[in-house]
Amino acid sequence: MRRRTEISSEKPSSASQEPSSESEIDQKDAGAKVRVNSPRRSPFVFLTLFALIVYSSWSVYQHQFQSLPAPITAEQAGKRGFSEIEALKHVQALTDLGPHPVGSDALDLVFEVHNSIHMLYCTPGV
1 MRRRTEISSE
11 KPSSASQEPS
21 SESEIDQKDA
31 GAKVRVNSPR
41 RSPFVFLTLF
51 ALIVYSSWSV
61 YQHQFQSLPA
71 PITAEQAGKR
81 GFSEIEALKH
91 VQALTDLGPH
101 PVGSDALDLV
111 FEVHNSIHML
121 YCTPGV
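Under UniProt numbering, the sequence shown has 116 at position 116, and the numbering climbs by one with no breaks.
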């Protein structure tokens, strides 16, 4: 980096002798070695990240397995209630039909099965 030249009429002191030309400055800078240090992470940062991951994992476990209610059967849910067990049976019946890509006959079959299951559990006009 270049230093500013002094504007005042006084001469610089002998302790702060500066090179007289820009070429001398450039030669000094070219000979200097540049040292680049890689950033060093504090152990505190790693400990904090570890604690954050452990706390996040615990909170997901707590929410999924401790605070959610147990699945109920169709009889417990009643006529209009949602039964996880019956929903899984419905999904299993749809996946047993095999793959059903868009525009295929298998997709039409899936729609027919879905509609027939839907008509069994739902009353029309409600």
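Note that CB positions come from ideal geometry on N, CA and C, so glycine has one too. Remember, it's a predicted structure, so these values are computed and weren't measured experimentally.
Quick one: give me the first and last residue of the alpha helix (DSSP H) that residue i is part of.
i    : result
A87  : E84 to D96
L68  : Looking at the DSSP string, L68 is not in any alpha helix (DSSP H), and its letter there is neither H nor E.
F38  : It is Ser, not Phe, that sits at residue 38 in the sequence shown. Note, S38: premise wrong, no alpha helix (DSSP H); not H, not E.
V102 : No alpha helix (DSSP H) contains V102, which DSSP labels as neither H nor E.
I53  : P43 to Y61
In its own chain, which residues sit with a C-beta less than 8 Å from the C-beta of residue i, not counting the 5 before and 5 after it?
i    : result
I117 : H90 and A93
N37  : none
Please work out which residues of its chain come closer than 6 Å, Cβ to Cβ, to residue i, disregarding the five sequence neighbours upstream and downstream, and give them in chain order.
i    : result
N115 : none
Could you give the C-beta distance for residue i and residue j, rounded to a whole number, given that I count them as a contact under 8 Å?
i    : j    : result
A74  : E86  : 5 Å
P101 : L107 : 7 Å
L97  : V113 : 7 Å
I72  : S57  : Rounded, the Cβ-Cβ distance is 28 Å, inconsistent with contact.
So, at 7 Å on beta carbons, what are the nonlocal neighbours of residue i in its own chain, with the 5 sequence-adjacent residues on each side left out?
i    : result
G125 : Here the model assigns G125 a pLDDT of 49, short of 50, so the residue's position is not dependable, and the following value carries that caveat. Closer than 7 Å at Cβ, skipping near neighbours: no residue.
Output yes if chain D places a C-beta closer than 8 Å to the C-beta of residue i; else output no.
i   : result
P43 : Looking for chain D here will not work: only one protein chain is present.
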